[in-house]
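Residue numbers (the numbering used here), protein chains in the order written: chain A, 1 to 350; chain B, 1 to 389; chain C, 1 to 163.
Reviewing the structure listed below.
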Amino acid sequence: MEAGIVSYGAYVPRYRITPTEIGKVWGVDGAGMGQGLNVHRKSVPAPDEDTITISTEALRTALIRGAIDPQEIGALYVGSESHPYAVKPTATVVAQAVGATPNLTAADFEFACKAGTAAIQTCLGLVESRMVRYGVAIGSDTSQGAPGDALEYSASAGGAAFVIGRERVICSLRKTLSYTTDTPDFWRREGERYPSHGGRFTGEPAYFRHVTECGRRLMEDVGSTPRDYAHVVFHQPNGKFPQRVGKQMGFTEEQMRHGLVTPYIGNTYSGAALIGLANVLDYAQPHERILMVGYGSGAGSDAFDFETTEEIARFDRGYGRPVQDYLDHGIELPYAVYAKFRGKIHMGGG
Amino acid sequence: MREVAVLGAGQTKFGELWDRSFREIGIEAGLQALVDAKLESAQLQGLFLGNMAAGRLIDQEQIAPLILDYAGLGNRNLPAVRVEGGGASGALALHAGYLAVASGQYDFVVVGGAEKLTDVPDITGNQITDSAADHEWEVVFGATLPGLWALIARRHMYQYGTKREEFAAVPVQDHEMAAKNPNAHYRNKITLEQVLGATPVAQPLGMLDCAPLSDGAAAVVLGPMEVARKYTDTPIRISASQVACDTMALHHRRDITTLDSTAVAARRAFQQARRTPENVQIAEIFDGYSIGALVALEDLGFVAKGASGAAFAAGEFGRGGRVVVNSSGGLKAQGRPFGAVGVAQVVELVRQLRGDAKDRQVAGANLGLAHDVGGTGATSVVHLLERTN
Amino acid sequence: MSIARFWRETPRRYNLGGSKCSICSTVYFPPRSVCPTCTHHRRSIGKMQPLQLCGDGEVFSFSIVQDAAEGFEMQVPYVLALVKTVEGPMLTGQIVDVDPAEVKIGMPVHAMFRKLREEGRAGVIHYGYKFAPSTAEDRRPHRGGSHEPSPMAEPPGRSRASA
C-alpha cells in the first residue's frame, strides 16, 4: 500500500491521581487495586479540558511536526466515547481550530475504545483511493468511571492524532483487518453519566477473544509470526490485559514495552492504543514492523501491520512533548480536587 | 467660552440603601443641590445625568427623563441627557454640563450622578463592574476589573519596587477620612494588618483594596460665573474640565503602570486653569482599587513616576500632608455607586472649598482636583475647582 | 452570551488571527481595520493584512484571581496574565497547568486550546486560547522567541488570508 502515517502527535493532560488516593475515599486497598490493574496513576483533565481540546492539541503537534498545510486535510475524524456534545461534532471544532476548514469532510466516530483505530482505517481507505491528500484520525477521550466503581481507578484522559497520507510516509501500512461481533461487555446508555459493564464478562469473551482472534487472523493473512515485529501495541484498558494477551500470542515484554502506556497515565479509551503507537513511533528506527490491535467494547478489534520507513529518521520528533514526558511527569491531585475537576460534586443554585 | 461656577451641591448617603429606589435617591440629591443653590426651579434649563448600568441593574433605560419627571420637572419639556463612561460616568456628565453652560447654550443646569447597585445579587454586581473592561478580549478570557488592576499593581511593583504595604495604606487612610463623613458607606477604621490579611480577590489585591458596591446619588447645579453671586455666597469656579481616553483594553496600553488618559487629562486641565499640581491643596482621586490611587498620584503630577508608594506611606497625601487626598473617604470608604462617584467627588470639593466640611475641613483649601476613571483607564476625567474669594 | 457573538470571533479566539499594518509592519491582535500607531493612520485603511500569531510569548504581568469572572468559578484560584507575544501584541489570558506560586514576570509561555466557558449544562461550549508555561520538556525549537513563522502560522504554498 502507498498510504501510511505521515505525522502524529499525542496529548495527555497534566494532572494525575493515584489508585491509593482513590482507594482512601472508598475504603478500598487502592494500592493493591492499582497493582492488580497495573495502573500506577491516571491522568486527569483540567476543568477546561475535554475531548475537543485534547484532540486539537494532539493534532496541532502532528501538523507542525510534519510541516503539513492544514488546508490540505481532506478528511478529519475524531473517535471518542466522551464527545462534549451528544449532537454537534467534535471534528468541526478541531478542524476549525487547526485551520483545516472549510474544504474537508469531518465526522465523529464512536465505537467504545476503538473509535480511533476505526478512524485510522477510514483515512487509510480515503487516502489509498486518492479521494483525499491527507486524512486525520484522532482517538481521544476524557473517560469517567462511576465514583467507587473499579473503572474509576483507570479511566483517564488523553489522545493522539495521526495524519495519513501518501507522501513522506514515516510508517507504511502493510495490512489492516477487523473482527466484529455483538458482545455487550461495556456500554453507556443515552443520557447516562457513567458507563456500565459486565464485570468479568469484559475479559475472556470480550477483550481477549477479539484481540487474539483479530491479531492472529492478521498475522495469518500476511504470513508473519510474533518474531517479525519490533513492537506490538494492544488496546490497554488497564496494564494487565495487554500484558496477558501479548504473552498468550507469543510476544515478549521487550516488544510490548513502548506500546504499553496505561500503567503511567491510565486508560485513555479511544486514545489508549493510539498513544501507545505514538510512543512506539517516538522510539522507532527505520524498517521496524509494528503490530497494533485495538479493541472496542460492543465489540470489535482492528489490527494493523505497520512498517517504519527511512523517512522516520528524517522526521521532526523534536516539536512538542514526546509521549515519555507524559508518562514520567504530572501534577498529582488529591481526590477532592479531582472530584471538582471531573464535575463529580453536586453544585447548588442554578 | 464663559466661566462656569458650581452654585449648589447635594448628595445622598452612600451605602446599602435597601429601602430606597433609584428614582428616590436621584431626586433627593438633585433637590438638595437645587435648594442649596437658592435657584428657582423655573430657571433650570437642562439635566445631565451620569449613570453606568441602569439597564442591567434596574432594567431601566431613559433614566434622565425619569429623574426629571419625578423631580417635578417633567411637564416643562426640558432636555435631559444620560451620560455613560463606566465608573467615570458622573465626571463625564459634569463635563457635559460644564460645556453646556460654558458655551452659552444654557445658563443653569443640574448635573446628577446616580447608581443603584444593591438591587442585583453581588455576583451580578461584580459582572456589571467587569463590563467596564473589554468584554470580548479581556472578560471572556477570565479577566475581572480587580484582576486587571492587579496586573497594573504587579507590574508597578516589578518596575518601581512599589511595596504591597504601600498601596495597602490607601484603604487605611480612606477609612480614617470616611469616619468623619456622615454620608460614607463605611465609617469604621481599619488597620494595615487587616488590609494585608483580607481575603484575596485578585492577588496582590485583597477584599479591602477594592471599593464596595454601593447605592447613592449626588448632584450639582451649574451656572455662569458672572451671575453666580446672586445664587450663592461662595461660588466655586470650575477652572478646568478635561476628558481623555485611551485604548479600551489594558493589554493595548503603551505602559500599564501609567494611565495616559489621566496624565493627558491632568496636563490639559492644569493648562486650562493656568495652575500646576503644586497649587492644589485637596484632591478626590480614583481609588476604586488601592493601586489606582498610587498610579493616579503619579499621573496627575503630584509625585514622580514610581515614587507614589513611599510618598503615600510617609503621609504626604494624608491629613496635614501637602495634598489632602480623598477627604470624603474616596471610592473605597465613602462608597462606589458608579455614576454618582464623579459628581460626589465634586460635591466634596465644593464643601471643602466653601469651608463647609465641618470636622473633616481641610484648612486653607483654595484649589481642588477631582479625578475619576472608567474601567482600567479607557476614560479619565479631571476637574479643577477653585474658590474665587 | 449570544451564540453568534462568540462564533463570529472564532478565527481570532481559536487561531490567534491578527493583523499587520503593511505600511509600518506593526502587528495587532485582535485584528484592526486601521493602524493606531502608524503616522500614516488614514493611509493604513484597507492596508491591514491578516497575520496569525504563533502563540509564543512571555508573562508581562499576572494576578492570581480568587473572585472569578463569570464562568470561571470552578477554576479558582486561576492565573490571569498579560502575555507579550513574540510578534509584539499583548494578550490577556489565563496561565494554566501551573502552580500559581511559580508564575513569574518574564516566564515563557505558549498558547493552548482550552474551554473558555459553557453556557450552562445544556448550552454551547466556548473555546479559545489560554497559555501554559513553556518548559524544556516542551522542546519547541520552531518557536520560543523566534520570529520565524511556524508552519501553522504560514502554511507552505498557501495564503491563509481568509483566516
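Where is the CB? At the ideal position from N, CA and C, for every residue including glycine.
Taking just the CA atoms, how far does Leu80 (chain C) sit from Gly139 (chain A)?
31 Å
Tell me the residue span of the alpha helix (DSSP H) that contains Ala160 (chain A).
That residue, Ala160 (chain A), is in no alpha helix (DSSP H); its beta strand (DSSP E) goes 157-165.
Any beta-carbon of chain C closer than 8 Å to the one on Ile256 (chain B)?
yes
DSSP three-state assignment for Asp372 (chain B), whether helix, strand or coil
strand
When Cβ atoms are compared, which residues of the stretch 102-116 of chain C fall closer than 9 Å to chain A?
Met112, Phe113, Arg114, Lys115, Leu116
Tell me the rounded alpha-carbon separation between Ala9 (chain B) and Phe48 (chain B).
Rounded to whole angstroms, Ala9 (chain B) and Phe48 (chain B) show a C-alpha spacing of 14 Å.
Cβ shell of Arg114 (chain C) (< 6 Å), same chain only, five flanking positions each side left out
Lys130
Check whether the Cβ atoms of Gly206 (chain B) and Ala198 (chain B) sit closer than 8 Å, and answer yes or no.
Cβ atoms of Gly206 (chain B) and Ala198 (chain B): closer than 8 Å.
How do the stretch 35-53 of chain C and the stretch 112-130 of chain B stand: do at least 3 beta-carbon pairs fall below 8 Å, yes or no?
no
Counting only C-beta atoms, is Thr90 (chain A) closer than 8 Å to chain C at any point?
no
Does the Cβ-Cβ distance between Ile170 (chain A) and Ile290 (chain A) come in under 8 Å?
no
For a cutoff of 8 Å on Cβ pairs, would you count Val59 (chain C) as touching chain A?
no
Own chain partners of Val76 (chain C) with C-beta closer than 6 Å, once the 5 adjacent residues on each side are dropped
Correct list, in chain order: Gln66, Ala68.
Whether Thr262 (chain A) touches Gln236 (chain A) by CB criterion (8 Å)
yes
Going by DSSP, what residues sit across from Ala5 (chain B) in a beta bridge?
B:Gly223, B:Arg237
Close Cβ partners of Tyr269 (chain A) (< 7 Å) along its chain, the five nearest in sequence each way excluded:
Glu81, Cys113, Asp141, Ser143
What would DSSP say about Ile95 (chain C), mapped onto helix, strand or coil?
strand
Delimiting residues of the beta strand (DSSP E) encompassing Tyr326 (chain A):
No beta strand (DSSP E) contains Tyr326 (chain A), which is instead part of the alpha helix (DSSP H) from 323-328.
Whole-angstrom distance between Val264 (chain B) and Phe270 (chain B), CA atom to CA atom:
Put simply, the backbone Cα of Phe270 (chain B) is about 10 Å away from that of Val264 (chain B).
Consider the Cβ of Val83 (chain C): report whether some Cβ of chain A lies at a distance smaller than 8 Å.
no
I'd like the list of long-range same chain contacts for Ser41 (chain B), defined as Cβ closer than 6 Å, with 5 residues on each side in sequence excluded.
none
Report yes or no: is there a C-beta of chain C within less than 8 Å of the C-beta of Gly321 (chain B)?
no
Given 8 Å as the limit, is there contact between the stretch 275-288 of chain B and the stretch 311-323 of chain B, that is, 3 or more CB pairs closer than that?
As far as the Cβ criterion goes, the stretch 275-288 of chain B touches the stretch 311-323 of chain B, which means the pair count is three or higher.
If I follow the unbroken beta strand (DSSP E) through Ala10 (chain A), where does it start and stop?
4-11
Does Met90 (chain C) get closer than 8 Å to chain B when you measure Cβ to Cβ?
At least one C-beta of chain B is nearer than 8 Å to the C-beta of Met90 (chain C).
So which residues of chain C does Asp246 (chain B) contact, with C-beta pairs closer than 7 Å?
What Asp246 (chain B) touches in chain C: nothing, since even the nearest Cβ is about 11 Å away.
Endpoints, the beta strand (DSSP E) within which Ile282 (chain B) is located
282-284
Beta-ladder partner(s) of Ala137 (chain A), from DSSP:
A:Tyr77, A:Phe162
From the beta carbon of Ala97 (chain A), is the nearest beta carbon of chain C less than 8 Å away?
yes
Cα separation between Ala4 (chain C) and Asn389 (chain B)?
60 Å
Could you tell me whether the stretch 138-154 of chain B touches the stretch 287-304 of chain B, where touching means 3 or more Cβ pairs closer than 8 Å?
yes
In chain order, what residues of the same chain have a beta carbon less than 7 Å from the beta carbon of Gln194 (chain B), not counting five sequence neighbours either side?
Leu208
I'd like the list of long-range same chain contacts for Leu82 (chain C), defined as Cβ closer than 8 Å, with 5 residues on each side in sequence excluded.
Answer for Leu82 (chain C): Val59, Phe60, Ser61, Phe62, Met90, Leu91, Thr92, listed in chain order.
Helix or strand or just coil, what does DSSP make of Ala4 (chain C)?
In this structure, Ala4 (chain C) counts as helix in the three-state DSSP scheme.
Any non-hydrogen atom of the ligand MG within 7 Å of Glu332 (chain A) CB:
Ligands displayed in this structure: none; no statement on the ligand MG is therefore possible.
Chain C contact for Arg237 (chain B) (CB, 8 Å cutoff)
No, no contact with chain C.
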